[in-house]
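Numbers 14 to 255, taken from the working numbering, label the letters of the sequence shown in order. Where is the CB? At the ideal position from N, CA and C, for every residue including glycine.
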Amino acid sequence: MIPRFFCPFPLHPGATVELAAEAAHHALKVLRVGAGDTAILFDGRGGQWRATLNPAGKALRATLIEFNDTECEPPLVLTLVQALPASDKMDFVVQKAVELGVAHIQPVAAKRSVVRLSAERAERRVEHWRNIAIAACEQSGRNRIPAVAPILDLPQYLGMAARENGLRFICAPGASGSLRDVAAPDAPISLLVGPEGGFEESELLAAHAAGFHAIRLGPRVLRTETAGPGAVAAMMALWGDW
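#1: With a floor of 3 residues, list each beta strand (DSSP E) that falls wholly inside the segment 117-172, ordered by position along the chain.
#2: Among 126, 156, 36, 73, whose alpha-carbon lies nearest the alpha-carbon of residue 206?
#3: I'd like to confirm the pairing. Which residues does DSSP put opposite residue 203 in its beta bridges?
#4: Of all the options 39, 26, 31, which has the alpha carbon lying nearest to the alpha carbon of residue 60?
#5: Pull up the DSSP beta-bridge partners for residue 259, would you.
#6: Pop quiz: residue 79 and residue 62 are said to be a contact at Cβ under 8 Å. What is the actual Cβ separation, rounded to whole angstroms?
#7: For residue 192, I'd like the list of residues in its chain whose CB is within less than 7 Å of its CB, leaving aside the five on either flank, ordered along the chain.
#8: Using only the alpha-carbon positions, how far apart do residue 232 and residue 41 sit?
#9: Alpha carbons only, please: which of 146, 68, 123, 96 is nearest the one belonging to residue 57?
#10: Hey, could you find the ends of the alpha helix (DSSP H) residue 105 is sitting in?
#11: Mind checking residue 187: buried by the 16 CB within 10 Å criterion, or exposed?
#12: Which value, in whole angstroms, describes the spacing of the CA atoms of residue 134 and residue 163?
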């Protein structure tokens, strides 16, 4: 498989660019690329470039050869709103959600969220998740990086969501509705997933007031890190490009 690398700056025909230090280290030490090898570069604006690699010590330069406007974004515009889980489970959620095709990821802090972050730590964590999203795009072939938004308190997010257009779903074990009851949407979708222990009743009521429809994901109770990617996969199978 030809290696793929994200460049955080605009790419132009015929340019020679130097890959970021971390990408260069991975390419040289793990992938063992050599002079003249081929790679794919993308800058997140759509499409991708075929490039020739040229190691220079610890640095790795790439000369752009040919642009390909290929895209693999699904027609379904889906935002995953994930209540903060414990430990590094959010890393898994971000990685799999990006691979599956979400357009946006919005972390929220719910009442039962175990993780509580200071402003500085929250910024570092979001930047970490953005890097995971980039790596997932490199692996999966996506040429547009899904946005990972700053962490919001759940009430703050619900106040914003109530003013937006589109369909809104909240995962709620025991709900009467399911995704199969929903007609193929022609608008963006927001999917809200709770933390370990689920949402409190007051949060479910607030989500309902903000226009969220409760759905169940089968007869089993899923872990928080399973529910989001599982629901995204189901939506992509029903209404996306699967």
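Put simply:
#1: 117-122
#2: Counting from one through the sequence shown, the residue named residue 206 turns up at place 193. Checking every option, the nearest Cα to that of residue 206 belongs to 126.
#3: On the sequence shown, residue 203 is found 190 positions in, with the first residue counted as 1. Paired residue(s): 92, 181.
#4: Here residue 60 corresponds to residue number 47 of the sequence shown, with the count starting at 1. Out of 39, 26, 31, 26 has the C-alpha closest to the C-alpha of residue 60.
#5: The requested residue 259 does not occur in the structure, where the chain is confined to residues 14 to 255.
#6: As a first step, residue 79 is located in the sequence shown; it is residue number 66 there, counting from the start. As a first step, residue 62 is located in the sequence shown; it is residue number 49 there, counting from the start. Their Cβ separation, rounded to whole angstroms, is 7 Å, which keeps residue 79 and residue 62 in contact under 8 Å.
#7: For the purposes of this step, residue 192 is taken as residue 179 along the sequence shown, with counting starting at 1. The answer, listed in chain order, is 228, 247, 248, 251.
#8: Here the question's residue 232 lines up with position 219 in the sequence shown. Here the question's residue 41 lines up with position 28 in the sequence shown. Looking at the two C-alpha atoms, the distance is approximately 48 Å.
#9: The residue labelled residue 57 in the question sits at position 44 within the sequence shown. Answer by Cα proximity: 146.
#10: Indexing the sequence shown from 1 puts residue 105 at position 92. Segment 102-113, the alpha helix (DSSP H) holding residue 105.
#11: Indexing the sequence shown from 1 puts residue 187 at position 174. Residue 187 should be labelled exposed.
#12: For the purposes of this step, residue 134 is identified with residue 121 of the sequence shown, where counting begins at 1. For the purposes of this step, residue 163 is identified with residue 150 of the sequence shown, where counting begins at 1. In a straight line, the C-alpha of residue 134 is about 11 Å away from that of residue 163.
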